[in-house]
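2 protein chains.
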Amino acid sequence: MSTEATSAIKVPVSGKSANVSEKKGSKKNGKIEQVQFTLKTPKGTKDWADKDMVIREGIFNSLSQLFKRHGGVTIDTPVFELREILAGKYGEDSKLIYNLEDQGGELTSLRYDLTVPFARFVAMNGISQIKRYHIAKVYRRDQPAMTKGRMREFYQCDFDVAGSHDPMVPDAEILAILVEGLTGLGVTDFKIKLNHRKILDGIFQVCGVKDEDVRKISSAVDKLDKLPWEAVKKEMCEEKNQPEEVADKIGEFVKLNGSIEEILSILTKNELLSNNPSAAEGLKEMQILDTYAKAFNITSFISFDLSLARGLDYYTGLIYEAVTAQSAPPKDADQKKKNAKTDDEDASEYVGVGSIAAGGRYDNLVGMFSGASRSSGKAGASIPCVGISFGVERIFSLIKARLESQQFKVRPTSTQVYIMAFGGGEGWNGFLAERMAIAKKLWSAGIECEYLYKAKANPRKQFDAAEKSGCPVGVILGKEEYPQGKLRVKLLGTGENDDGELIDIDDVVEVVKSKLKDGNVDGVDEVTRLLKGL
Amino acid sequence: MSTEATSAIKVPVSGKSANVSEKKGSKKNGKIEQVQFTLKTPKGTKDWADKDMVIREGIFNSLSQLFKRHGGVTIDTPVFELREILAGKYGEDSKLIYNLEDQGGELTSLRYDLTVPFARFVAMNGISQIKRYHIAKVYRRDQPAMTKGRMREFYQCDFDVAGSHDPMVPDAEILAILVEGLTGLGVTDFKIKLNHRKILDGIFQVCGVKDEDVRKISSAVDKLDKLPWEAVKKEMCEEKNQPEEVADKIGEFVKLNGSIEEILSILTKNELLSNNPSAAEGLKEMQILDTYAKAFNITSFISFDLSLARGLDYYTGLIYEAVTAQSAPPKDADQKKKNAKTDDEDASEYVGVGSIAAGGRYDNLVGMFSGASRSSGKAGASIPCVGISFGVERIFSLIKARLESQQFKVRPTSTQVYIMAFGGGEGWNGFLAERMAIAKKLWSAGIECEYLYKAKANPRKQFDAAEKSGCPVGVILGKEEYPQGKLRVKLLGTGENDDGELIDIDDVVEVVKSKLKDGNVDGVDEVTRLLKGL
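Protein chains in written order, with UniProt numbering: chain C, 1 to 534; chain V, 1 to 534.
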């Protein structure tokens, strides 16, 4: 069903109404006025329903299982936070935060992501170690772009590890989770671009960028996934006042990408960089990461890409982004050709496409809540963290497109059995109470079943309803058979015109279970199989 | 872990900050000022975590399965709606609606319940029939009462049937769902109080209440679950200007309760009432309902209670409320005795306790969005609806208390296997990459496992971590055994001091699966069993 339909309706409003928006349209003389408004959801939001909802629930389920497999626990934080909790965390994007009206009491805002509430939760409860996942909606007053799947209300699926651990151990597992999560959803055509903030900072330093300019040059580099180098260089030189030779030196570095091993071998040969304390620390960590990535057998997905910078200020170490050619917005007529799978394409071909998962290490965010001083940089109870956020709406679009291309029919309900009564003529009461009693038996056995909400229903209408539900088994109460303690159980949708199997009423649960098993029909497994692209 | 801990912290703030709440505390001279704020969640909200989260997810899962069993599909609507959608739906309680700040664009408010968004969804998409469930948070600026489980942000679990069907057919199934839902969660000590708005209206009419006074007299009756009859009578006579004889006549009716059969037999003998058109229609429907309730075998839970009125204006037919003695707030020292289960207690003993599920029929709400005129009462595209809302936070409290009384240990993680490396001395590297490789094997097989995030971990710390997680199986990589292609698999928490079973590395998935099966250990089933109170 369409969830974008809108219709203008007229609602009569009394002048006495206490409602603000209605008051606007009414004169204050008590006369009834007409206020017209459009029946729609707010800008940048939508209803989810029907098959889309089944697919999305399948994705959430797959990711929840993944997170649990890795020892994750889930938390649920309020949809709004005290406004001061969010303040100063999102830089320029703070203007996109939704505020709640001041109706007396505290000032609050809708959460902008799940990371800041997580850091607040960790600090507030004095937690020293946790692996938590959180699947929930976040809110951004962005310009919505429905076609690109960018909404003002959208889901994030986050997994984060907080706590002091040996270097790169949780980081490597997060990358394993990223690979396991995407492949588990049938998305295999992706690369993980990764980089290290400390190496990036070291590069800027050895190229001659002043310390106070590092963040803004980093944010210029961050645009390399959308702009060509020449445009980024221009921004560095003209807007951000860097000498051309500084920009050119940076340019030499940020064009590098390849396996961790390859890029490390290039960078470690650069003595200037190796001797830079920040870069040296980053290089050492990347070396450790390489060992763990090999243990997890995920190196084929990884591209160490020095152009990756990531926008958010709070990252302090490893950063990463999973990109797929599939998610590229159509740019030209060759798009379809580009979308075709190729096994040997390198990471550069993925440049410019949207990311489907991203994250990084942020060691100081919890400390901002635990009493750390932002101006001095001194740590309070700082809890290092590393995490990943799956872009579930984009992943949804990929999967939906795949299912459509396979002409796979997703069933919106889980109904397994439709209960029907056949009969007619003199004294026929429609067996409604009898159908209810059979339904009760099946429900009590955990079997999903329905029947037509009609006292006397004709067979055609009942079969139509069963067919519409797409359920595999029919149970039929015949006018003569039922009073003799008998029912028919019939496989539906087989195209065969048989009468089904005549059984004792008492055996209905057992027989239905066996038919469902024979037909290998299981709503959940179907969706799982389908998500995995099997 | 406590989620109510708060700590006052100091955060330095620059006067340049764009943040409103921070600006308040800072002088506008650019000097860094100290702003103190409390690290907490907004009033009436809380974080959910740890075991509470496991129990709550178990409840949601149980109810979702229930709703799917009855042919339900789920929808997801935005957390905020256009303000005019909510306007005029909640009477006096409209003042409890949370508004979003006017930041340019549309005026919006957080949803107050899931029913109005559902009606908006049905009308907007021109849906003629749907069985939908929705588990989501709603928002009310009420005075929070944490001890009673009343919060400003809380979950509702709703199932509603929209569409024109034969009388009382979906209504009866909703009652079956109510019984199945509560008993499926191990709550068996409850009564469903039910009544019919049309009978209630008929009673008021035959008692001499004027048409324009019916709603306010109904709302006085609604207080009978909290006040004695004398207080309600006083309100009717003194505040609502009814003659004493009218109130007394009403009093005769509203004290009636019993089985549908019993109450129907009393009411149908009352000629005045039987001849009232509204009451007659209601009585006919109750007669039909009785047949269906018997088919579903749920009559023992039902009490036809003429004192039930339900606050919301939009109900038009059958109304109901499930109450349990267990949820009674302690009033006196006898409380504990009262809480004890008794099989023969009648419905009157449940009076005054909180309801754990409630709902009713509302045939005109969708029509308000489809173009119906509220002043004239003429219907547009009116879609009759009937639904139930489970009070999941109260049910949560009941279940949690039960688990605590049984000293049942809920595990926060789903971890099944802890992977450990034993060794030491010269050349010992801690087998971290090796543990990762084994973990990868188990994850790929869908098995939940963890290992200590430490390169070289001592055996004691690894066992402690395994024990803390409460997982049933340990996999041990021995310094000598592992290089020979061997592992040990050991059942944990048995108290036995054995060395486990020595196996080939290649067999690890198979052996672990068999151990998990032997131990009959399954996190999900455990919670399910526990929720059912088995």
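Quick reminder that beta carbons are idealized off the backbone N, C-alpha and C, glycines included.
Own chain, CB closer than 8 Å to residue i, minus 5 neighbours either side, in chain order
{"i": "C:E281", "result": "K198"}
{"i": "residue 599 of chain C", "result": "Outside the displayed span of chain C (1 to 534) sits residue 599 of chain C, for which this structure offers no information."}
{"i": "C:L306", "result": "N195, I199, L200, I203, F253, V254, K255, L256, N257, I263"}
{"i": "C:G446", "result": "none"}
{"i": "V:N429", "result": "A455, K456"}
According to DSSP, residues forming a beta bridge with residue i
{"i": "C:D160", "result": "C:R132, C:G387"}
{"i": "V:S355", "result": "V:V323"}
{"i": "V:F154", "result": "V:V138"}
{"i": "V:R488", "result": "V:I476, V:L502"}
{"i": "C:W48", "result": "V:D76"}
{"i": "V:L86", "result": "Bridge partners of V:L86: none, in fact."}
{"i": "V:F304", "result": "V:L194, V:G258"}
{"i": "C:Y362", "result": "C:C385"}
{"i": "C:C449", "result": "C:V417"}
{"i": "C:L318", "result": "C:H196"}
Spatial neighbours of residue i in its chain, beta-carbon cut-off 7 Å, leaving aside the 5 residues before and after
{"i": "C:P412", "result": "D50, K51, V54"}
{"i": "V:T316", "result": "R197, R361, Y362, D363, N364"}
{"i": "V:R435", "result": "I419, A421, Y451, L477"}
{"i": "V:I266", "result": "L256"}
{"i": "V:K461", "result": "L452"}
{"i": "V:D504", "result": "G485, K486"}
{"i": "C:T74", "result": "R132, Y133, H134"}
Cβ-based neighbour list, residue i, same chain, cut-off 6 Å, excluding 5 preceding and 5 following
{"i": "C:K517", "result": "none"}
{"i": "V:E448", "result": "S414, T415, Q416"}
{"i": "residue 537 of chain C", "result": "Limits of chain C in this structure are 1 at one end and 534 at the other, which puts residue 537 of chain C out of reach."}
{"i": "C:P330", "result": "Only weak support is given to the placement of C:P330: the predicted model assigns it a pLDDT of 42, under 50, and the value that follows is read from those uncertain coordinates. Counting only Cβ-Cβ distances below 6 Å, and skipping sequence neighbours, we find nothing."}
{"i": "V:V232", "result": "A220, K223, L224"}
{"i": "C:I250", "result": "C207"}
{"i": "V:P170", "result": "V161, V386"}
{"i": "V:Q156", "result": "L114, V138, S389"}
Presumed contact (8 Å Cβ cut-off) between residue i and residue j, rounded CB distance
{"i": "V:L185", "j": "V:I298", "result": "Not confirmed; about 16 Å, so no contact."}
{"i": "residue 536 of chain V", "j": "V:D222", "result": "As displayed, chain V neither begins before 1 nor continues past 534, which places residue 536 of chain V out of reach and without an answer."}
{"i": "V:F301", "j": "V:F154", "result": "Contact flag wrong, Cβ pair sits at about 25 Å."}
{"i": "V:A119", "j": "V:V366", "result": "5 Å"}
{"i": "C:V206", "j": "C:N276", "result": "5 Å"}
{"i": "V:K89", "j": "V:V116", "result": "5 Å"}
{"i": "V:E106", "j": "V:L82", "result": "6 Å"}
{"i": "C:E481", "j": "C:L502", "result": "7 Å"}
{"i": "C:D76", "j": "V:W48", "result": "4 Å"}
Neighbour-count burial assignment, residue i, 16 or more Cβ in a 10 Å radius
{"i": "V:P243", "result": "exposed"}
{"i": "C:G72", "result": "buried"}
{"i": "V:F431", "result": "buried"}
{"i": "C:Q484", "result": "exposed"}
{"i": "C:L273", "result": "buried"}
{"i": "V:P459", "result": "exposed"}
{"i": "C:I130", "result": "buried"}
{"i": "V:N125", "result": "buried"}
{"i": "C:T108", "result": "buried"}
{"i": "C:S128", "result": "exposed"}
{"i": "V:P228", "result": "exposed"}
{"i": "V:A293", "result": "buried"}
{"i": "C:D160", "result": "buried"}
{"i": "C:K226", "result": "exposed"}
{"i": "C:K515", "result": "buried"}
{"i": "V:T38", "result": "exposed"}
heavy atom of the ligand MG below 6 Å from residue i C-beta
{"i": "V:A325", "result": "The model on display carries no ligand, and the ligand MG is accordingly not part of it."}
Which residue spans inside the region 97-129 of chain C form an unbroken alpha helix (DSSP H) run of at least 4? 115-124
Going along the chain, which unbroken runs of the beta strand (DSSP E) with 3 or more residues stay wholly within the region 387-426 of chain V? 417-422
Which ranges does the alpha helix (DSSP H) cover as unbroken runs of at least 4 residues, wholly within the region 50-80 of chain C, from first to last along the chain? 50-69
Note down, one range per segment and in chain order, each beta strand (DSSP E) of at least 3 residues found wholly within the region 176-255 of chain V. 190-196
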